[in-house]
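>
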Amino acid sequence: MAGPIGPTICDPHPGYGLRVRKDSNRAIPTADGDCPCGQFSKSAQGDVEVESLVIAYGRHRRDECPIPAIRAAAARQYAALQFSHSRRRK
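Residues in the sequence shown are numbered consecutively from 325, following our numbering.
1) From I329 to R385, what distance separates their C-alpha atoms?
2) What runs of the beta strand (DSSP E), each 3 residues or longer, lie entirely inside the segment 347-374?
3) Quick check: what's the CA-CA separation for S365 versus H409?
4) Is A355 near A368, with beta carbons less than 8 Å apart?
5) Would you mind sorting G357 into buried or exposed? The rule is 16 or more other CB atoms within 10 Å of its CB.
6) In the DSSP assignment, find the unbroken beta strand (DSSP E) run with R345 in it and report its ends.
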């Protein structure tokens with residue numbers, strides 16, 4: 325079998341970012357994430373693995389990425405997420 329082993333969402337040129345795909349309730353979720361810095365490029369299949377990949381991608385963008393613009397955008401997204409979780413529900 326030729327080609328990549330992991331999930332290949334948006335082939336042949338997926339670009340940068342996090343892509344998660346689950347076609348139906350019975351389908352196995354797949355995800356892959358690529359950062360423009362080149363230090364983060366991973367893929368996962370299965371519920372637990374996809375969830376841990378999403379968390380790792382967010383942490384990389386916020387804490388470890390050497391590109392300042394990406395770290396700043398991730399910090400803003402994380403702050404918005406924290407704000408939405410801390411709001412009082414009616």
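The beta carbon of each residue, even a glycine, is placed where N, CA and C say it ideally should be. All of these numbers come straight from a predicted model, not from anything done at the bench.
So, from the data block:
1) Because I329 carries a pLDDT of 48, less than 50, the predicted location of this residue cannot be relied on, and the following value inherits that uncertainty. Rounded to the nearest whole angstrom, the C-alpha separation of I329 and R385 is 25 Å.
2) For the segment 347-374, whole beta strand (DSSP E) runs of length 3 or above, ordered along the chain, are 354-358, 365-369.
3) For S365 and H409, the distance between alpha carbons rounds to 29 Å.
4) Going by C-beta atoms, A355 is nearer than 8 Å to A368.
5) Here G357 is buried: its Cβ has 16 or more other Cβ atoms, across all protein chains shown, within 10 Å.
6) Unbroken beta strand (DSSP E) run through R345: 341-345.
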